[in-house]
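In mature numbering (1 follows the signal peptide of the UniProt record, and there is no 0), the protein residues as written are -18 to -1, 1 to 127.
By construction, the Cβ of each residue, glycine as well, lies at the ideal position given by its N, Cα and C atoms.
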Amino acid sequence: MKNLYLISLLCISTGVIAQENTLIYTTADIWPTYPQGNKALYTFICTNQNVSVEAIPSEKNKNIVFVRFVVEKDGSLSGHKVMRGINQTCDAEALRITKLLSKWNPGGTIRFNKFQPLRMYMTIAVKFFRNFSDCEASYYQLITN
């Protein structure tokens, strides 16, 4: 009977460990950050856009694609997904750009005065504009406000 109890306890604890590695958090003590800062992130997005002007909607509020991805414990990115898109061309370009991003600083929690990284969801807005200066100006407003 003791052996059966020990085996079932071992199976349960192993299941919890495996499940903990698959958890993806939506909030934590410390959020993931782009290593060079938000301005560098937005400059990267603007510089790497390669979409025809015809594919970009002319209305300002209709030119944003929201992309969600997971920032892993080591800062790598995975699971890119368009959460709200514009059209097939811009959606594909937003995914391409976010997949080019370098490793992030992982988010996590502080337990017992020690940082513990967590797998976390991040959602960013990829804005499309007809020229580079409008793109940078729009993102600059986000940073300063």
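Practice prompt. Compute the beta-carbon to beta-carbon distance between Pro17 and Glu54, rounded to the nearest angstrom, for a pair I have assumed lies under 8 Å.
Written response: So it is not a contact: roughly 14 Å between Cβ atoms.
Fill in: Buried or exposed by the 16-neighbour rule on C-beta atoms within 10 Å, applied to Ala76
buried
Worksheet item: In three-state DSSP terms, what is Gln108?
Response: With the sequence shown as reference, residue 108 is identified as Val, and Gln is not the correct amino acid for it. Val108 falls in the strand class under three-state DSSP.
Worksheet item: Skipping 5 residues on each side, what residues in its chain have a beta carbon closer than 7 Å to that of Gly114?
Response: At residue 114 the sequence reads Phe, which differs from the Gly that was named. Once the five neighbours on either side are set aside, the close Cβ partners of Phe114 are Cys28.
Worksheet entry | Pair within 7 Å by beta-carbon distance, Arg112 and Val33 | Contact flag unset, no.
Worksheet item: What is the C-beta distance between Glu118 and Thr25, in whole angstroms, given that I count them as a contact (C-beta under 8 Å)?
Response: Indeed they touch by this definition, with Cβ atoms about 7 Å apart.
Worksheet entry | Element boundaries [alpha helix (DSSP H), containing Phe48] | No alpha helix (DSSP H) contains Phe48, which is instead part of the beta strand (DSSP E) from 46 to 53.
Worksheet item: When burial is assigned at 16 or more other CB atoms within 10 Å of the CB, is Leu100 buried or exposed?
Response: Buried, because 16 or more other Cβ atoms sit within 10 Å of the Cβ of Leu100.
Discussion item. Can you check which of these residues, Gly90, Gly57, Leu5, Gly61, is closest to Arg78 by C-alpha distance?
Written reply: Answer by Cα proximity: Gly61.
Item to complete: Would you tell me roughly how many angstroms separate the C-alpha atoms of Ala74 and Ile68, rounded to the nearest one?
Response: Distance between the alpha carbons of Ala74 and Ile68: 10 Å.
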